[in-house]
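Residue numbers for the sequence shown follow this note's numbering, so the first one is 455 and each next one is one higher.
Heads up, the beta-carbon is just placed ideally off N, CA and C, and yes, glycines get one too.
Beneath this line is the structure, given in structure tokens, with notes to follow.
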Amino acid sequence: MDLSDVIVYAGGEFKRYADAKVGLLTHGLQYGTGCFEGIRGYWVPEDEDLYLVLLRDHYERLATSAKILTMSLPKSADELIDITVELCVRNRYEQNVYVRPFIYKAAEDVGVRLHNVQDAFAIVPIPFTAYLDTSKGLHVCVSSWRRADDTMAPPRAKITGLYVNSALAKSEAIANGYDEAILLSHDGHVAEGSAENIFLVRRGVLYTPDPSQNVLEGCTRRAVMDIARDFGIEVVERSIDRGELYSADEVFFTGTAAGLGYVASIDRRVVGDGTMGPVARRLGEFYERIVTGREPRYASWITPAYAKAKLPA
Ligand code: PMP
């Protein structure tokens, strides 16, 4: 994808992607000292609008991640929401998009540290290309890599350097013929996918690892739990053993990029009957309706970019 002419926000201004440069010795690049978000936008032709999903949640999580790395966002969540909307409109996107805001340590010198290094902030919106094909069930494995532990670097912050952990697990899974990996925490409990949270269903109850299991507190995770509770489905956050994965009726992933993707097999053991289970289907279809502006009760979860851009400031 040629991104040269995409309008991005960097250094406090709008510019072409090709004109927004970072230097080779930038700390964020050398040491992974940055944090980021991934935000989805769904283009709905009938509405002629682009619905940006859970913008506030993402910017709040970015602020928290930044704080953990002793950085602070240059603007408030409201201002960043406005800039994100403006970026999508300036790019005239009439397709699904993926928006990548990030903040990173921007000094160009040698010496790993967090202190005495200035930050830089940018937002890059790009056309979305499918991340995981969730139309079919995913064949997944338990990774030989463990999820990074909070005692080493906090996984609840979306830190760029921590994605080495995800990349190792993902590529190992692909090399071994699977679609995705499930990482266990260092003490052997189920944590999450390489870039998704995980849920399982047993006897109608929805289970997901609680936030102390070294998971990223996903925006989609929270959304799906809210929907489930609204449907009257019991939701339990607790530590989950590997063996429970094999005995679940349903297993599915959630994530901004992936949406809700169901797992057909784990370590070559079929989950349920290998098709999408009723709970995953119900939650997934409803989530889809919300993010495409079809559920007025959940309108606060989405920001219609074109409608909002037309409002007087
Ligand atoms: N875990 C990890 C490690 C991730 O990278 C992501 C994607 N941001 C998720 C979970 C899912 O989070 P969200 O629903 O906010 O995209």
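Exercise for the section: Would you please state the rounded distance, in angstroms, between the beta carbons of T708 and R675? I believe it to be under 8 Å. Expected result: Mapped onto the sequence shown, residue 708 falls at position 254. Mapped onto the sequence shown, residue 675 falls at position 221. Contact annotation, T708 with R675: C-beta distance approximately 5 Å; criterion of less than 8 Å satisfied.
Handout entry: Near ligand 1: N651 beta-carbon under 7 Å from a heavy atom
Key = Residue mapping note: residue 651 aligns to position 197 of the sequence shown, counting from 1. Yes, the beta carbon of N651 sits closer than 7 Å to at least one heavy atom of ligand 1.
Exercise for the section: Output the distance between the C-alpha atoms of E514 and Y760, rounded to the nearest integer angstrom. Expected result: Here residue 514 corresponds to residue number 60 of the sequence shown, with the count starting at 1. Here residue 760 corresponds to residue number 306 of the sequence shown, with the count starting at 1. If I take the Cα positions, the gap works out to 23 Å.
Handout entry: Beta-carbon proximity list for D501, same chain, < 7 Å, skipping 5 on both sides
Key = The count along the sequence shown starts at 1 and reaches residue 501 at position 47. Contacts found: G747.
Handout entry: Check: C673 C-beta below 7 Å from any heavy atom of ligand 1
Key = Position 219 of the sequence shown, counted from the start, is the residue given in the question as residue 673. Yes, the beta carbon of C673 sits closer than 7 Å to at least one heavy atom of ligand 1.
Exercise for the section: Pick out whichever of D633, E491, G495 has its Cα sitting closest to the Cα of R776. Expected result: Here the chain has residues from 455 to 767 only, and residue 776 is not among them.
Handout entry: E671 to T518 span [Cα, whole Å]
Key = As a working note, residue 671 is residue 217 in the sequence shown. As a working note, residue 518 is residue 64 in the sequence shown. If you take the alpha carbons of E671 and T518, they lie about 11 Å apart.
Handout entry: Nearest-angstrom beta carbon gap, V539 and A734 [assumed within contact, 8 Å]
Key = Residue 734 sits at position 280 when you count from the first residue of the sequence shown. Residue 539 sits at position 85 when you count from the first residue of the sequence shown. Not really, about 31 Å apart at Cβ, beyond 8 Å.
Practice task
Out of L568, L508, G486, state which residue places its alpha-carbon closest to the alpha-carbon of S526.
Solution key: Your numbering for residue 526 matches position 72 in the sequence shown. Measuring from the Cα of S526, the nearest candidate turns out to be L568.
Exercise for the section: With E646 as the anchor, note down where its alpha helix (DSSP H) starts and where it stops. Expected result: Stepping through the sequence shown from its first residue, residue 646 is reached at position 192. Run containing E646: none in the alpha helix (DSSP H); it sits in the beta strand (DSSP E), 644-647.
Practice task
Would you mind stating whether T757 and L509 have Cβ atoms separated by less than 8 Å?
Solution key: Mapped onto the sequence shown, residue 757 falls at position 303. Mapped onto the sequence shown, residue 509 falls at position 55. Yes, the Cβ-Cβ distance between T757 and L509 is below 8 Å.
Exercise for the section: Report the residue from F575, L699, A635, I687 whose alpha carbon sits nearest the alpha carbon of L654. Expected result: Numbered from its first residue, the sequence shown carries residue 654 at position 200. It is L699 whose Cα lies nearest to the Cα of L654.
Handout entry: Stretch pair the stretch 688-706 + the stretch 556-564: three plus CB contacts closer than 8 Å
Key = No, they do not touch.
Practice task
For R470, write down the residues that DSSP places opposite it in a beta bridge.
Solution key: For the purposes of this step, residue 470 is taken as the residue at position 16 of the sequence shown. BP columns for R470 point to I461.
Practice task
For P579, count neighbouring Cβ atoms within 10 angstroms of its own Cβ and tell me buried if that reaches 16, exposed if not.
Solution key: Along the sequence shown, one-based indexing puts residue 579 at 125. P579 is buried by the Cβ-count criterion.
Exercise for the section: Output the boundary residues of the alpha helix (DSSP H) element that contains Y513. Expected result: Here the question's residue 513 lines up with position 59 in the sequence shown. Element bounds for Y513: 509-522.
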